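Residue numbers (this note's numbering): 179 to 305.
Think of the CB as a built atom: it goes at the ideal place given N, C-alpha and C, for glycine as much as any other residue.
All figures in this text were calculated on a predicted structure; none of them were measured in a lab.
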């Protein structure tokens with residue numbers, strides 16, 4: 179028997195704006211989210227990862243059935259360069275998401291690293 183499994187909508191990812199530290203969240207509440215992003219920081223939301231001259235759109239999101247993890251197919255872009263990426267987004271604890279990317283890190287390129295820990299920023303909304 180063949181079963182079709184439909185991907186879960188991106189809306190099923192935890193809602194809100196996530197930054198790489200609670201200090202950045204506080205700074206965004208004090209100044210603005212745009213100011214924090216313009217300083218070179220990445221923001222994660224249900225639609226993807228955004229930074230200045232960089233975005234990674236989540237085009238397909240599938241939730242694991244036994245663990246609080248989502249498998250994400252993404253299309254990422256920076257000036258003059260577009261590539262696919264596959265990520266896992268895991269909710270380790272309330273308000274904390276761990277992201278792992280299959281894209282190899284290229285430190286000398288200066289590109290945003292999709293992987294790492296992101297923290298929920300209460301009271302902020304994505305631009």
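Task: DSSP state of residue 277 mapped onto helix, strand, coil - done: Residue numbering aside, residue 277 sits at position 99 when the chain shown is read from its first letter. Residue state, collapsed to three classes: strand.
Open item on the list: On the criterion of 16 or more Cβ atoms from any shown chain inside 10 Å, does residue 189 qualify as buried, or is it exposed?
Closed with: On the chain shown, residue 189 is found 11 positions in, with the first residue counted as 1. Because the pLDDT at residue 189 is just 43, under 50, the model does not fix this residue reliably, and the value given afterwards should be weighed accordingly. Exposed: under 16 other Cβ atoms inside 10 Å.
Open item on the list: Measuring only the C-alpha atoms, how far is residue 295 from residue 273?
Closed with: Within the chain shown, residue 295 is the residue found at index 117, counting from 1. Within the chain shown, residue 273 is the residue found at index 95, counting from 1. Rounded to the nearest angstrom, the two C-alpha atoms are 10 Å apart.
TODO: Using beta-carbon positions only, say whether residue 251 and residue 267 come within less than 7 Å of one another.
DONE: Here residue 251 corresponds to residue number 73 of the chain shown, with the count starting at 1. Here residue 267 corresponds to residue number 89 of the chain shown, with the count starting at 1. Cβ atoms of residue 251 and residue 267: not closer than 7 Å.
TODO: In angstroms with no decimal places, state the Cα-to-Cα distance between residue 220 and residue 229.
DONE: One-based indexing of the chain shown puts residue 220 at position 42. One-based indexing of the chain shown puts residue 229 at position 51. So the two alpha carbons sit approximately 5 Å from each other.
Task: Nearest-angstrom beta carbon gap, residue 218 and residue 298 [assumed within contact, 8 Å] - done: Translated into the one-based positions of the chain shown, residue 298 becomes position 120. Translated into the one-based positions of the chain shown, residue 218 becomes position 40. Not a contact, Cβ separation roughly 21 Å.
Open item on the list: Please list the terminal residues of the continuous beta strand (DSSP E) segment that includes residue 201.
Closed with: One-based indexing of the chain shown puts residue 201 at position 23. Segment 200 to 208 is the alpha helix (DSSP H) holding residue 201; no beta strand (DSSP E) there.
Open item on the list: Going by beta-carbon coordinates alone, are residue 248 and residue 202 separated by less than 7 Å?
Closed with: On the chain shown, residue 248 is found 70 positions in, with the first residue counted as 1. On the chain shown, residue 202 is found 24 positions in, with the first residue counted as 1. Not a contact, by the Cβ cut-off of 7 Å.
Open item on the list: Pull the bridge partners of residue 238 from the DSSP assignment, please.
Closed with: In the chain shown, counting from the first residue as 1, residue 238 sits at position 60. Residue 238 pairs with 251.
TODO: Would you check if the distance between the CB atom of residue 277 and the CB atom of residue 265 is smaller than 7 Å?
DONE: Sequence index remark: in the chain shown, residue 277 carries index 99 (1-based). Sequence index remark: in the chain shown, residue 265 carries index 87 (1-based). Cβ distance < 7 Å, so residue 277 and residue 265 count as in contact.
- [ ] Would you check if the distance between the CB atom of residue 275 and the CB atom of residue 206 is smaller than 7 Å?
- [x] For this step, residue 275 is matched to residue 97 along the chain shown. For this step, residue 206 is matched to residue 28 along the chain shown. Contact flag unset, no.
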